[in-house]
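Worksheet: the structure to be examined is printed underneath.
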Amino acid sequence: MKYLFCLLLSGWLQAAEFKLEIEIPQLQVAEYHAPYVATWIEDDERKAKLATSLWYDQQDKWLKDIRQWWRKTGRYQSSPYDGVTGATRRPGMHRLLLNDKTIASTLRPGQYWLYIEAAREVGGREILKLPFQWPLVEPYQYTAQGAHELGKVTLIIQP
Amino acid sequence: MKTTYRLTLLFGMLTVCGTSQAHKRWLLPSIFSVSEAQWVAVDASVSNNLFYVDRPWPLTSVSVTAPDGKPAKTDNLNEGHRRSSFDVYLDQPGTYRASTGGDVFFVQYSSVDGEVTRDRAFDLSSLKASVPADATAVNYARSVSRLETYMTLGAPDQKVFTPSGRGLELKPVSHPNDLYVNEKVALQFLVEGKPAVGLEVLMVWEGTRYRDEEGAINLLTDDQGTITFTPDRTGRFLLEAGAEKVLTEDPVFSTLYMTYIGTFEVLPQ
Chain P
1 MKYLFCLLLS GWLQAAEFKL EIEIPQLQVA EYHAPYVATW IEDDERKAKL ATSLWYDQQD
61 KWLKDIRQWW RKTGRYQSSP YDGVTGATRR PGMHRLLLND KTIASTLRPG QYWLYIEAAR
121 EVGGREILKL PFQWPLVEPY QYTAQGAHEL GKVTLIIQP
Chain D
1 MKTTYRLTLL FGMLTVCGTS QAHKRWLLPS IFSVSEAQWV AVDASVSNNL FYVDRPWPLT
61 SVSVTAPDGK PAKTDNLNEG HRRSSFDVYL DQPGTYRAST GGDVFFVQYS SVDGEVTRDR
121 AFDLSSLKAS VPADATAVNY ARSVSRLETY MTLGAPDQKV FTPSGRGLEL KPVSHPNDLY
181 VNEKVALQFL VEGKPAVGLE VLMVWEGTRY RDEEGAINLL TDDQGTITFT PDRTGRFLLE
241 AGAEKVLTED PVFSTLYMTY IGTFEVLPQ
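In order, the protein sequences belong to chains P and D.
Okay, so the first sequence: first residue is 1 according to full-length UniProt numbering, each after it adds one.
Okay, so the second sequence: first residue is 1 according to full-length UniProt numbering, each after it adds one.
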């Protein structure tokens, strides 16, 4: 009985792997700054549940330009910001491992959206949203295609 | 005794005051919402076009209230030829209110030769001194005006909107620094601390220089003193409202004029 309990518990706590593959497009512009990129999770009623990542260059001044992230979660925080944080990334493909344990312990069963927003100094802003169900039994993958500030973004969840 | 308010368009009031109705007074911050402590520059001007500076607005009564209710740090108060400006330092999380205006006194009288004179001053005693001893039909009025805008560091809060009970005041339902396109906006107005029911509020979007019509939108407050609208575009706009109250028992003033003017911003989603 004890054995079974431990098994169940570990099964419950065993988090899925949340992975994002993010393409930051190469842009032919006179003045290029790598974009600030933030991700967060919202429920089906557009309520932010969890800030999951932030790439920025340690300057709070520009955080407001990641407009939706700032409104939904950023402005209620201060450094260190929630989620996986790091420096801005240059154009190319990037892999981002989100904190699966925090996600698993925060989300109740339901429909969610992973938002990714990119804002570039003297550039544009773009936001993509990737749907997912929680919890998942089967591996899940969803790809969205950005138009200018983001390229292909893929959410991969491995239960 | 029942107090009666006449809620009028600001234009009506300004006509009484003898000011051209086309002129708009406004405060405009260089930025409304910031994510780091910093200086914000605020322009104060009177102009026909929003928001293009034309004439300076006096800064004698400018005040900026910080989220903790204390005066915020200001610097470089300057009255130029085409505008006034000042800097405000935002270093407390929350919402700041910049306000100029204060009280203005008006007089109207008839001279011995029958000519009607209207005058105004920020100081009542100097206004009184300007009235000839033999003037007749001397009529004094007072105005409480608010020319405001709001700026936020970090998350917006409501502390600076605690009503004072004087004049016409904004008590936001939707926070002024949290307005987004295609999202319903609700703003409550209070007249002497009570909901300003049936108040006409005039809304004008920026950029009047580049269109043929001013395109003012008339909004009417409901029985809670609240206007509601859904902005279908982004950008900055001005809200203007005016109310007047006939003072039957005041020893000096026959009328109290109250105005509210505020500058707001709508952001993209």
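Backbone N, C-alpha and C fix where the C-beta goes; we use that ideal spot for every residue, glycine too.
Item                                                                                                                                                                                                       : Value
Between the Cα of N218/D and those of R211/D, V201/D and T208/D, spot the shortest distance and give me the residue it belongs to.                                                                         : V201/D
Can you confirm whether the region 206-216 of chain D touches the region 173-188 of chain D when touching is taken to mean that 3 or more C-beta pairs between the two stretches lie within less than 8 Å? : no
Which one of Y260/D, T234/D, V53/D and R146/D has the shortest CA to CA distance from D178/D?                                                                                                              : T234/D
Counting along the chain, where does the alpha helix (DSSP H) carrying R71/P start and finish?                                                                                                             : R67 to K72
Using the DSSP secondary-structure output, state which residues sit across from K19/P in a beta bridge.                                                                                                    : L97/P and I156/P
Name the residue from I127/P, P109/P and Q59/P whose alpha carbon lies nearest to the alpha carbon of S79/P.                                                                                               : Q59/P
If you draw a straight line from the alpha carbon of D250/D to that of L267/D, how long is it in whole angstroms?                                                                                          : 45 Å
Closest Cβ-Cβ distance between S30/D and chain P: below 8 Å?                                                                                                                                               : no
Which full runs of the beta strand (DSSP E) of 3+ residues lie inside the region 110-181 of chain D, going along the chain?                                                                                : 116-121, 136-153 and 168-172
Which same chain residues, not among the five before or five after V53/D, have their C-beta less than 7 Å away from its C-beta?                                                                            : D43, S45, S47, R82 and R83
Here's a check: name, in chain order, each residue in its chain whose Cβ is nearer than 6 Å to the Cβ of S30/D, leaving out the five neighbours to either side.                                            : V40 and A41
Less than 8 Å separating the beta-carbons of T60/D and F122/D?                                                                                                                                             : yes
Using the Cα positions of D119/D and S125/D, report the straight-line distance between them to the nearest angstrom.                                                                                       : 13 Å
Are E149/P and M93/P close, meaning C-beta to C-beta below 8 Å?                                                                                                                                            : no
Using 8 Å for Cβ pairs, my map puts S99/D next to E148/D. What's the rounded Cβ distance?                                                                                                                  : 5 Å
Touch check for the region 128-146 of chain P and the region 79-89 of chain P: three-plus C-beta pairs under 8 Å?                                                                                          : no
Would you say L114/P and L155/P are within 8 Å of each other, going by their C-beta atoms?                                                                                                                 : yes
Tell me whether the beta-carbon of P156/D lies closer than 8 Å to the beta-carbon of T95/D.                                                                                                                : yes
Of all the alpha helix (DSSP H) runs that stay within the bounds of the region 25-53 of chain D, which reach a length of 4 or more residues?                                                               : none
Tell me which residues share the same chain as F51/D and place their Cβ nearer than 7 Å to its Cβ, disregarding the 5 neighbours each side in the sequence.                                                : W26, L28, E206 and R236
Could you work out which residues of chain P lie near S155/D, taking near to mean beta carbons separated by less than 8 Å?                                                                                 : Here residue 155/D turns out to be Ala, not Ser, going by the sequence shown. Near A155/D (Cβ distances below 8 Å), the residues of chain P are R75 and Y76.
Can you list the residues of chain D that W70/P reaches, using a CB-CB cut of under 7 Å?                                                                                                                   : S35
Round the Cβ separation of T52/P and I66/P to the nearest angstrom and send it over; I've been treating them as touching at under 8 Å.                                                                     : That belief does not hold up - the Cβ atoms of T52/P and I66/P are roughly 13 Å apart, past 8 Å.
List the residues of chain P whose Cβ lies closer than 7 Å to the Cβ of L267/D, in chain order.                                                                                                            : R67
Please report the distance separating the alpha-carbon of K152/P from that of T39/P.                                                                                                                       : 15 Å
Determine the burial state of P176/D: buried for a count of at least 16 other Cβ atoms within 10 Å of its Cβ, exposed for fewer.                                                                           : buried
Is the distance from the Cβ of D68/D to the Cβ of Q92/D below 8 Å?                                                                                                                                         : yes
Could you check which residue in A196/D, K128/D and Y140/D has the C-alpha nearest to that of T255/D?                                                                                                      : Y140/D
Taking 8 Å as the threshold (beta carbon to beta carbon), is D60/P in contact with chain D?                                                                                                                : yes
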